[in-house]
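Colleague:
In the working numbering, the protein residues as written are 18 to 175.
This is the structure in structure tokens:
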């Protein structure tokens, strides 16, 4: 029994030590997952392949940009967004980058339909959601008034 416990402890220790520092423990909230599901349903209805969530970079950076906007910052020339794309491209390469950014005003709560339906109704954002992309991420951050700042990042990788 003692050998089994010692072996288990050593295996656990080796496993913990072998974890890379840059591994991400980022996850999406239920609402962020619902937005990605709705994006993929919209894509499927249009004959497009689904977008796979990329947690360690795309989701992380989408959350970062949404948080940046929710704290009252603006990015009129896209400098901050370009810095995020630079990080993503450094890690993954990729082409055909798409960023869809929206603000949903708080009424009596914010639901997936409140975010996705206006995006599908606008020609430019609907077209962006249907681009030839393979991976993506969704980030939602709330400002002090409860408004949702949503960022959907997508791109193609080979």
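Here a beta-carbon is modelled for each residue, glycine too, at the ideal position from N, C-alpha and C. It should be emphasised that the depicted structure is a prediction, and the values quoted were computed from it without experimental measurement.
Check residue 127 in the structure and name its three-state DSSP category.
Modeller: coil
Colleague: Do residue 168 and residue 132 have their C-beta atoms closer together than 8 angstroms?
Modeller: no
Colleague: So residue 155 and residue 49 are in contact, right, with Cβ under 8 angstroms, and what is the actual spacing, rounded?
Modeller: 4 angstroms
Colleague: So what does DSSP say about residue 122, is it helix, strand or coil?
Modeller: coil
Colleague: Could you give the distance in angstroms between the alpha-carbon of residue 93 and the alpha-carbon of residue 171?
Modeller: The alpha-carbon separation between residue 93 and residue 171 amounts to approximately 20 angstroms.
Colleague: Could you check where the beta strand (DSSP E) with residue 168 kicks off and where it finishes?
Modeller: 165 to 173
Colleague: Helix, strand or coil for residue 43 per DSSP?
Modeller: coil
Colleague: Which residue's Cα is closest to the Cα of residue 152: 122, 127, 105?
Modeller: 105
Colleague: To which residues of the same chain is residue 67 closer than 8 angstroms at the C-beta, ignoring the five residues directly before and after it?
Modeller: 57, 60, 61
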